[in-house]
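J.: Going by this note's numbering, the sequence shown opens with residue -11, and the numbers climb by one from there.
For glycine and all other residues, C-beta sits at the position ideal for the given N, C-alpha and C.
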Amino acid sequence: MEKLHRVCKNFTRHDKKTRTILLCEMLEYTNVFLEAAFRAEGYSFETLKNPVKDRTLALRYISNDYCYPTVLILAQFLEYLESGERDPEEITFMEPQAGGACRAGNIYNLLQRVLYRMVEQGQLEYAQIPVISLNLMGEEKHTGFRITPSLLSGGIAAGCYGDLIMCLYQQVKPYEQNPGETDRIRSQVEKKLCESIRRHRNGRHTREKNYRYACEVFSKVPVKPGKKKRVGITGEIYMKYSKLGNDDIESFLLRQGMEPYSGGFVNYCLYLVDTERYKAEKYQHNPIMAKACAFVLHRLCEAQKHLLTVIGETDRFQTDLPFPELKEKVQGILAEGCNTGDGWLIAAEVIQYVEKGCGSVLILHPFGCLVSHVCERGILQRLHARFPDVSIQTIEYDYDQSKTLRESRILLAIS
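#1: With Tyr49 as the anchor, note down where its beta strand (DSSP E) starts and where it stops.
#2: Suppose you measure from the CA of Gln116 to the CA of Lys(-3); what does that come to, to the nearest Å?
#3: Put Met227 into one of helix, strand or coil per three-state DSSP.
#4: Would you say the beta carbon of Gly220 comes nearer than 7 Å to a heavy atom of the ligand GDP?
#5: Taking DSSP as the reference, what is the three-state secondary structure of Gly331?
#6: What are the start and end residues of each continuous alpha helix (DSSP H) run of 4 or more residues lying completely inside the region 103 to 164, in chain order?
#7: Does the beta-carbon of Leu112 have 16 or more other beta-carbons within 10 angstroms, so that it is buried, or is it exposed?
#8: What residue does the alpha helix (DSSP H) around Val298 start on, and which one ends it?
#9: Going along the chain, which residues of its own chain have a beta-carbon closer than 6 Å to the beta-carbon of Phe26, five neighbours each way excluded?
#10: Counting along the chain, where does the alpha helix (DSSP H) carrying Leu352 start and finish?
#11: For Thr392, count neighbouring Cβ atoms within 10 angstroms of its own Cβ and tell me buried if that reaches 16, exposed if not.
#12: Can you list, in chain order, the stretches of the beta strand (DSSP E) that have 3 or more residues and sit fully within the region 48 to 90?
#13: Determine the DSSP secondary structure at Glu269, reduced to helix, strand or coil.
#14: Round the Cβ separation of Arg218 and Gly320 to the nearest angstrom and send it over; I've been treating them as touching at under 8 Å.
#15: Go ahead and label His193 buried or exposed: buried means 16 or more other beta carbons lie within 10 angstroms of its beta carbon, across all protein chains shown.
#16: Using the rule of at least 16 other Cβ atoms within 10 Å of the residue's Cβ for burial, across every protein chain shown, is Thr382 buried or exposed?
#17: Could you have a look at Arg172 and say whether DSSP puts it in helix, strand or coil?
#18: Grab the span of the alpha helix (DSSP H) containing Tyr199 for me, first residue to last.
#19: When DSSP labels each residue in this structure, what does Glu16 get in the three-state scheme?
#20: Residues in its own chain within less than 7 Å of Ala291 by CB, not counting five upstream and five downstream?
#21: Can you tell me the Cα-Cα spacing of Tyr118 and Gln109, whole angstroms?
#22: I need the DSSP call for Tyr31, collapsed to helix, strand or coil.
#23: Do you know how far the Cα of Phe81 is from the Cα of Gln100?
#24: Can you list, in chain order, the residues of its chain whose CB lies under 7 Å from that of Ala86, leaving out five sequence neighbours each side?
#25: Bridge partners for Pro415 per DSSP, in chain order?
Here's what the structure looks like:
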């Protein structure tokens, strides 16, 4: 371990001026706004967009019993290195850490170990690559990277804008009269919202003004009459939002004539904060931490409320439930203390989807994730008993799995 820390480089203030931070592809609708938030703080920041050609690449360095998101994230980083697109002295890797029992929380350390092994094998240039942990708990500090109030404000705006675009896009795209018009409008709105973030205009008034602008522009897209079958998408966080992880299930459902519906990322962030509050109260007996989490939870709930209120003012678009209402949905299904991994949030989203008109719900989970198996498959019996007329199915993803077989299972679940 001592050798590992000697090899792994600290991200310094000088690195902030000379290196580009690379984040794994994960949040399809939020990434573009996160890039704007980090760039507004003076970082050169990009989300990896390279498709992973060899999904087993990471298995050269890690065991095959790691979960599928870990295998994919490492493979994407490694393929980027092998592409030679940038010199190792010009890049930094960033990996989010939510904490908890999920093994994906160890990808940060695992990526450092992989780079260390590559250095041992003679690829000495990789010793110069810092790895940053993106977390709100102050873990793994770097002298050149800090989460400031300004960056946090930009991050909140990014999360809200990502949920906004996802909500509008998924309800317009399946019905567009002119193919490609919804994508053009999405790009147009994203540019305007990113510009607001880059100018540090992240206050409530500006955000609400941007929400209304987006709703107005999307509502003008000509659509076909009728209503398509709505399919809810939930599950493990990476599988739910990452096109790389779920093989772009949203586009697959659109090709089948369905209307995909994914719950917002902000609710996941609220779930994480609420989980820390619960742990501080029940297990750690830390009233200061509990009050701090409760304060953050209140502020984030207010930001979400403003977003949902503006969208709800339109007659055209349907919104997620606010977090407090979403949490109430699992009473009688799961206890509040079931908060390992995605915990009770998955059950709550399934119930939300059914109440919002979804005839089918897909729960996506990766191979090798025990937490997902417990919190997803473990709730199926009660959900089926409550909603006997709704198809609620788990869909597993793995690097050596037949894509055709998986898509056949999805088609069976939504038929």
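T.: Short version:
#1: For the purposes of this step, residue 49 is taken as the residue at position 61 of the sequence shown. Neither: Tyr49 is in no beta strand (DSSP E) and is coded neither H nor E.
#2: As a working mapping, residue 116 is identified with position 128 in the sequence shown. As a working mapping, residue -3 is identified with position 9 in the sequence shown. Approximately 6 Å, taken between the alpha carbons.
#3: Walking along the sequence shown from the start, residue 227 turns up at place 239. Helix at Met227.
#4: In terms of ligand content, the structure shown is empty, and the ligand GDP therefore cannot be addressed.
#5: On the sequence shown, residue 331 is found 343 positions in, with the first residue counted as 1. In the structure shown, Gly331 sits in a helix (DSSP, three-state: H, G or I).
#6: Every unbroken stretch of the alpha helix (DSSP H) spanning 4 or more residues and falling wholly within the region 103 to 164 is given here in chain order: 137 to 160.
#7: For the purposes of this step, residue 112 is identified with residue 124 of the sequence shown, where counting begins at 1. With fewer than 16 other Cβ atoms inside 10 Å of its own Cβ, Leu112 counts as exposed.
#8: Position 310 of the sequence shown, counted from the first residue, corresponds to residue 298. Pro275 to Gly300 is the span of the alpha helix (DSSP H), which, as asked, contains Val298.
#9: Here residue 26 is taken as the residue at index 38 of the sequence shown, counted from 1. Contacts found: Phe33.
#10: In the sequence shown, the residue the question calls residue 352 occupies position 364. That residue, Leu352, is in no alpha helix (DSSP H); its beta strand (DSSP E) goes Cys346 to Pro354.
#11: Reading the sequence shown from its first residue, position 404 is the one you call residue 392. By the neighbour-count rule (16 or more Cβ atoms within 10 Å), Thr392 is not buried but exposed.
#12: The DSSP assignment places complete beta strand (DSSP E) segments of no fewer than 3 residues inside the region 48 to 90 at 79 to 84, in order along the chain.
#13: Reading the sequence shown from its first residue, position 281 is the one you call residue 269. Three-state DSSP puts Glu269 in a helix.
#14: Translated into positions along the sequence shown, residue 218 becomes position 230. Translated into positions along the sequence shown, residue 320 becomes position 332. Rounded, the Cβ-Cβ distance is 24 Å, inconsistent with contact.
#15: Locating residue 193 in the sequence shown gives position 205, counting from the first residue. Exposed: under 16 other Cβ atoms inside 10 Å.
#16: Along the sequence shown, read from residue 1 onward, the residue named residue 382 stands at position 394. In this structure Thr382 is buried. Its beta-carbon is surrounded by 16 or more other beta-carbon atoms within 10 angstroms.
#17: Sequence index remark: in the sequence shown, residue 172 carries index 184 (1-based). Looking at Arg172 - three-state DSSP - the assignment turns out to be helix.
#18: On the sequence shown, residue 199 is found 211 positions in, with the first residue counted as 1. Residue range Arg192 to Ser207 is occupied by the alpha helix (DSSP H) that includes Tyr199.
#19: One-based indexing of the sequence shown puts residue 16 at position 28. Shown here, Glu16 sits in coil according to DSSP, grouped into three states, outside any helix or strand.
#20: Translated into positions along the sequence shown, residue 291 becomes position 303. Cβ neighbours of Ala291 beyond the five flanking positions: Ile144 and Cys148.
#21: The sequence position of residue 118 within the sequence shown is 130, counting from 1. The sequence position of residue 109 within the sequence shown is 121, counting from 1. The displayed chain sequence assigns Pro, not Tyr, to residue 118. Within the model, the alpha-carbon separation for Pro118 versus Gln109 is close to 18 Å.
#22: Taking the sequence shown and counting its residues from 1, the one referred to as residue 31 is at position 43. Three-state DSSP puts Tyr31 in coil, outside helix and strand.
#23: Mapped onto the sequence shown, residue 100 falls at position 112. Mapped onto the sequence shown, residue 81 falls at position 93. Looking at the backbone, the Cα of Gln100 and that of Phe81 are separated by about 10 Å.
#24: On the sequence shown, position 98 is the one that residue 86 refers to. Same-chain partners within the cutoff: Gly93 and Leu260.
#25: What the structure shows of the chain is the stretch from -11 to 403, and residue 415 is not part of that stretch, so it cannot be assessed.
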